[in-house]
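Count along the sequence shown starting at 1, add 361, and that's the number in the working numbering.
Each remark here refers to the structure printed beneath this line.
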Amino acid sequence: MSFEKILVLDFGGQYNQLIARRVRDENVYAEIKTFETPLEEIKAAGYKGIIFTGGPNSVYDMSSPHYSKEILDLGIPVLGICYGAQLMAWMCDGKVESCINSEYGKIEIENTKRESLLFKGVDTKSVVWMSHTDYISKAPEGFEITSHSADCPCASMENEGRKLYAVQFHPEVTHTQFGKAFLHNFLFEVCACKGDWVMDDFIERTVAQLKEQIGDKKVVLGLSGGVDSSVAAGLLSRAVGKQLTCVFVDQGLMRKDEGDFVEKTFTSLFDMNFVRVNCGAQFIEKLRGITDPEQKRKTIGSEFYKVFWDEIRKQADGGFFAQGTIYPDRIESGKGDAATIKTHHNQVKMPEDITFDGVIEPLGELFKDEVRRVGEKLGIPKELVWRQPFPGPGLGVRIIGEITEEKIKVLQEADAVFRDEIKKSGIEDTLSQFFAVLPDVQTVGVMGDHRTYDHLIAIRAVTTDDFMTADWAKIPYDVLARVSNRLTNEVEHVNRVVYDITSKPPGTVEWE
Ligand code: XMP
């Protein structure tokens, strides 16, 4: 079964992935390709529409990314965004110049062609997000200007006959009041898409493809308990059942009971072979005496892969190796080279002596939010599908100083109490990530008539869109009070609690 496709032609803008995600939110498949993609390839792919992305350059600088004019004559509708709009103007012999007043932020535009397909359902005056220092000073022949702002005579233009549309603003960001409508109109009014990218179809299609590709061979998947590998496991299980073996390495640095939860979920809900390798004791041994954060990370990482590949080696018997790689892992956005395969920070090269017939990445075309939707449809529990980010080295980065069995236990208990209290307080959905940290500090306290000298627990909760920057969460005092009470009462060896009120930057989310 084939489905409609939109090409997001990447000219190096920072919002390229966001454009593709917004298109997919409209149930239309979008893929990102570099501006260096040959015209023949684009012609052959049968796209319903093309979107030129933004980019940081000036079109009149010939070293910046350009494209052959013929792309505008394929009969495929094109929408140019920001730099992409200027590029379209430049390609059609309009005029692009540097602004006297560059526009940045929320700007009001006025639509001057009410019957424009792109402006269907959009108010005459509306707010858009602008970020540009060049502007279209003269629309090309055959184009009509459809909106302007106070400083920008051409905020959008179109050549309806040739199905060429250009917007100086960014419809993909939420600050643009009718952003969703602009993209919807381009897809459905201009490109005549039907909207056939739906997750039910994706599951059916992928399961059928996997069945055909795998045949009666075996598949081995490394399961981390994270969202991506869990959903990949769910899909593969549905396709080939017991031909699938999932290898789950529990290095003893997961949250309280998490290893058991992962095992129970996959052995009870899905048909597969499940291999759990418990190597906590071996990790503690390797980590003995190590206090340097980088050294701890390295030790945990190299030990993990040693155990992991040893187990995979045992399981490898021809067949396929599967992994939960998702679309953003495979593209490097913002550089105009979206097709470059990125080495994911969590992926390590397979040792040469292990051989498989091939690698399977069933989620390779999906964004994270789509992976979650598939996970929900497959019946994977909410705790896994909506799991917060969890560092590869696990609690290892949340215990400062040497990692010991006792410290892991204290931190696991404290973290479980904190999570339970946040859940009960009803504020869980307002937080992006929250956890407990063991800073390896002991302080004096009193318990009854006794002096104590015990652990300090730090609690951390942040709100963020992308984890590049983050705010410390303003958890209500009464919730903090209950957390503090419970931690000191219920968790042995904890006699003091502090709340981390550092944003990122200058702090990071994790303490390390
Ligand atoms: P920082 O501490 O750098 O963390 O502000 C940003 C986000 O990344 C997560 N994190 C990791 N995720 N492997 C991962 O998959 C890692 O080694 C790792 N270290 C940090 C962190 O939890 C936060 O969400």
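Even for Gly, the Cβ is constructed at its ideal location relative to N, Cα and C.
The residue among Asp621, Phe364, Val852 and Ile783 with its C-alpha nearest the C-alpha of Ile836 is Ile783. For Val592, the shortest C-beta to heavy atom distance toward the ligand XMP is 7 Å or greater. In this chain, Thr863 is not harboured by any beta strand (DSSP E), its DSSP state being neither H nor E. Between the segment 815–826 and the segment 732–745 there are fewer than three inter-stretch CB-CB distances shorter than 8 Å, so the stretches are not counted as touching. DSSP places Ala553 outside both helix and strand once states are collapsed to three, so it counts as coil. Its Cα nearest to that of Gln643, the residue Ile764 stands out among Ile764, Lys524 and Tyr496. The Cβ atoms of Leu440 and Tyr526 lie closer than 8 Å to each other. The beta-bridge partner set that DSSP reports for Cys460 is empty. The beta carbon of Ser510 lies closer than 6 Å to those of Ile468, Ile470 and Ala516 in the same chain, with the five residues before and after it left out. With respect to the 8 Å criterion, Ile820 and Gly757 are not classified as neighbours on the basis of their beta carbons. Val592 places its beta carbon less than 8 Å from that of Gly685. Remark: C-beta atoms of Met615 and Gly595 do not approach each other more closely than 8 Å. Given a length threshold of 3 residues, each whole run of the beta strand (DSSP E) inside the segment 634–720 is given here in chain order: 634–639 and 681–683.
Environment of the ligand XMP, chain-ordered: Pro750, Pro752, Gly753, Phe828, Thr869, Val870 and Glu871, taking every residue with Cβ within less than 5 Å of a heavy atom.
The bridge partners DSSP lists for Ser498 come to none. Three or more pairs of CB atoms, one per stretch, sit closer than 8 Å, so the segment 572–583 contacts the segment 671–690.
Taking a 10 Å sphere around the C-beta of His493, we find 16 or more other C-beta atoms and assign the residue as buried. Shown here, Leu724 sits in coil according to DSSP, grouped into three states, outside any helix or strand. In the DSSP secondary-structure assignment, Arg812 is bridged to Val807. Take the alpha-carbon of Lys625 and the one of Met560: they are about 26 Å apart.
The alpha-carbon separation between Glu789 and Asp839 amounts to approximately 15 Å. Close CB contacts of Gln803 within its chain, under the 8 Å cut and outside five residues either way in sequence, are with Tyr814, Asp815, His816 and Leu817 (chain order). The shortest CA-to-CA distance from Glu431 to any of Gly374, Met452, Gly445 and Thr414 is the one to Met452. Asn472 has Ser508 as its beta-bridge partners, per DSSP. Counting the other CB atoms within 10 Å of its CB gives Glu502 a total below 16, which places it among the exposed residues. Between the segment 769–782 and the segment 840–851 there are three or more inter-stretch CB-CB distances shorter than 8 Å, so the stretches are counted as touching.
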